[in-house]
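Under the numbering used here, think of the first position of the sequence shown as 0, with each following residue one higher.
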Amino acid sequence: MGTNLLKTRTLYKKCIFVFTVLFLICLSYKSVYCEDAFLVKCMKIAESRDPKLMAAHEQVQLSRSRTIRAARSLFPQVMIQHTNSKGKTAMASDISGYEYIGESYGVKAAQALYEGYRTRGSYEYESMMVTASKYNYTKTREELFSKIKLAYYEYLTLKREAQTLGKAHEIVVGLFDKVKKEYKARAISQLDLLEAENFKDRITDMYEAAKINYDFSIKKLVSLVGIIDIKDVNVQPLDMLSDNVPEISFTLDSLMGLVLTNNLDVQTAKIQTEMAEMKIKINRSKVIPKFYIEGFYGRSGEAFTTAPLDLTTSWNVVGKLSWGLWGNSLEASYTQDKTDPKTIIDASKRIDTQTQDIKFSLLDDLEYFVESKESDVSFNQTNADYVETLKTKRLDTEKAYNDYLNSLNNARTLKKEIALRERKLALMKKRNALYEVQTVSLMEEAWKYAEAIASYAKATYQNYASVTEMEKLTLTPLR
0 MGTNLLKTRT LYKKCIFVFT VLFLICLSYK SVYCEDAFLV KCMKIAESRD PKLMAAHEQV
60 QLSRSRTIRA ARSLFPQVMI QHTNSKGKTA MASDISGYEY IGESYGVKAA QALYEGYRTR
120 GSYEYESMMV TASKYNYTKT REELFSKIKL AYYEYLTLKR EAQTLGKAHE IVVGLFDKVK
180 KEYKARAISQ LDLLEAENFK DRITDMYEAA KINYDFSIKK LVSLVGIIDI KDVNVQPLDM
240 LSDNVPEISF TLDSLMGLVL TNNLDVQTAK IQTEMAEMKI KINRSKVIPK FYIEGFYGRS
300 GEAFTTAPLD LTTSWNVVGK LSWGLWGNSL EASYTQDKTD PKTIIDASKR IDTQTQDIKF
360 SLLDDLEYFV ESKESDVSFN QTNADYVETL KTKRLDTEKA YNDYLNSLNN ARTLKKEIAL
420 RERKLALMKK RNALYEVQTV SLMEEAWKYA EAIASYAKAT YQNYASVTEM EKLTLTPLR
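Put into structure tokens, the structure is as follows:
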């Protein structure tokens, strides 16, 4: 009976060791990550389908249209004008009056000669808006790519975990069935049965959780890419992340410099500060005199219906002055009208006229003070936002860099621990064969070995995630 019990326990220990080796081999399988065609295809599909990215692209187009509209103000406004009129006139000799017709056509133009900084400032402001919208588009795209990368790395990790635990679950269930038969044959004790059952339950729980997490990672990746099924990518994904964690050649100081020059949030905050400063310049230009000129050149005339209509050359020039005087406003204009004399209906019709008009309005532009205050407050706010954004992004970069260093060091330490536990496990196996080490201790050491490899896989994922975060913050490929 003792010999049978010893053989049963030896067989049981061998099965457990085989399971451990299989489990570790699956986890420690190496795959070299280079230019992943699956990941590239996912990002291309997402870029063409993401509604938020499409909206950001439309904002770029809209801002360009507004820039064209602002640039139009720098050129003269030209209008072709044509007027027809028909009516009756009362004469002193005939109360019933006479019918007459009139016609006028020509070209009318208006041009601002000097507006301070208003028109040019408006154009530069809209040009800055184009830059800001491009930053927003790039930021939206990079955030989408970053999410897809992290989801893909998580998918690969959980995929391998589910596959490995699935194989482990099959082995453990088979071993547990064997243990139950041995217990019925009274080859092992009840304590051995309980330990085996506990081990099976733990593996089962881990396997079920791994399947749930793996299924959810697929849904997450599919949702981000914008497809129905992962097979729609039509490219085979990798089996797992590489466990060879390479270093990056960038130091923390160089990354901080890249944040200042490349980070999209920082650049957006900076351009918003410049836009707020431009608003101040535009508002201050309201107190600078503005000069405009308008003119018309064409032909016009009137005649009774009983006589032929002869059109005469007609033109006019209008010069205007507009001046905002700190809440008040001054407007002045000078008009010169000229019409070649011809036969006309009304003898009092003017053929040469000069007109001066001056208006001074008191406190009709109080909005100037409000806009001036708003532009100052907006500049101070955007400047504070820029400083705060720069601080935040630098802290985020330093945190991601620290996570990278910690995960890199952790991976190296765990790699040494794996080698150590592998040697210790081999030694304990030999001592167990000589009955110097209990089977429970061997199982415990095997589980610690498996935990070390699982921890190493998590450290590898954390390293990829931290590098992805730094690439998003610096907009620079780091490795």
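Here a beta-carbon is modelled for each residue, glycine too, at the ideal position from N, C-alpha and C.
The model shown is predicted, which means the values in this text are computed figures rather than measured ones.
Assigned secondary structure, residue i (DSSP; H/G/I helix, E/B strand, else coil)
| i | result |
| --- | --- |
| Tyr99 | strand |
| Thr137 | helix |
| Thr475 | coil |
| Val316 | strand |
| Ala70 | helix |
| Asn243 | coil |
| Ser188 | coil |
| Ser299 | strand |
| Val77 | strand |
| Thr82 | strand |
| Ala109 | strand |
| Ile226 | coil |
| Leu23 | Bear in mind that the predicted position of Leu23 carries a pLDDT of just 35, short of 50, making it unreliable; the figure below should be weighed with that in mind. Leu23 falls in the helix class under three-state DSSP. |
| Ser537 | Coverage of the chain is limited to positions 0 through 478, which leaves residue 537 absent and any answer about it impossible. |
| Glu293 | strand |
| Glu330 | strand |
Closest by C-alpha distance to residue i, when choosing among the options
| i | options | result |
| --- | --- | --- |
| Met128 | Arg68, Gly225, Glu114 and Lys146 | Arg68 |
| Asn315 | Gly300, Thr412, Phe303 and Glu293 | Glu293 |
| Ala131 | Met255, Lys43 and Ala275 | Ala275 |
| Met469 | Leu190, Leu254 and Ala111 | Leu254 |
| Pro288 | Gln162, Gly318, Tyr122 and Leu157 | Gly318 |
| Ser377 | Asn135, Glu123 and Glu273 | Glu273 |
| Leu149 | Leu426, Gln461, Leu419 and Pro476 | Gln461 |
| Leu100 | Leu433, Ala399, Thr305 and Thr388 | In the sequence under discussion, the amino acid at residue 100 is Ile, which differs from the Leu named in the question. When only C-alpha atoms are compared, the closest one is Thr305. |
| Glu370 | Ser284, Val232 and Phe144 | Ser284 |
| Glu102 | Lys423, Thr156 and Gly86 | Gly86 |
| Lys143 | Val39, Asp252, Tyr400 and Ala456 | The question names Lys, yet the displayed sequence has Leu at residue 143. Taking only the C-alpha atoms, the option nearest Leu143 is Val39. |
| Arg201 | Asp228, Asp214, His168 and Ile417 | His168 |
Within 8 Å, strictly: CB atoms of residue i and residue j
| i | j | result |
| --- | --- | --- |
| Phe295 | Lys51 | no |
| Ala109 | Tyr291 | yes |
| Ser465 | Tyr385 | no |
| Leu237 | Phe74 | no |
| Glu396 | Leu240 | Reading off the sequence, residue 396 comes out as Thr, not Glu. Cβ distance not < 8 Å, so Thr396 and Leu240 don't count as in contact. |
| Thr473 | Leu257 | yes |
| Tyr104 | Gly297 | yes |
| Tyr455 | Tyr152 | no |
Inter-residue spacing [alpha-carbon to alpha-carbon] between residue i and residue j
| i | j | result |
| --- | --- | --- |
| Gln235 | Phe198 | 35 Å |
| Glu196 | Phe175 | 7 Å |
| Cys41 | Ala209 | 24 Å |
| Met78 | Lys269 | 41 Å |
| Glu421 | Lys414 | 11 Å |
| Ala91 | Glu98 | In this prediction, Ala91 scores a pLDDT of 48, lower than 50, which makes its location untrustworthy; no coordinate-derived value is stated. |
| Lys146 | Ser321 | 55 Å |
| Arg117 | Ser72 | 10 Å |
| Gln189 | Lys180 | 12 Å |
| Ser406 | Gln380 | 38 Å |
| Ala453 | Asn382 | 47 Å |
| Met427 | Glu450 | 17 Å |
(Q) With a threshold of 8 Å, are at least 3 pairs of Cβ atoms found where one atom belongs to the segment 58-71 and the other to the segment 239-246? (A) no
Q: Answer yes if the segment 252-262 comes into contact with the segment 386-393, meaning at least three C-beta pairs across the two stretches below 8 Å, and no otherwise.
A: yes
Q) Do the segment 275-285 and the segment 116-124 make contact, defined as three or more Cβ pairs closer than 8 Å? A) yes
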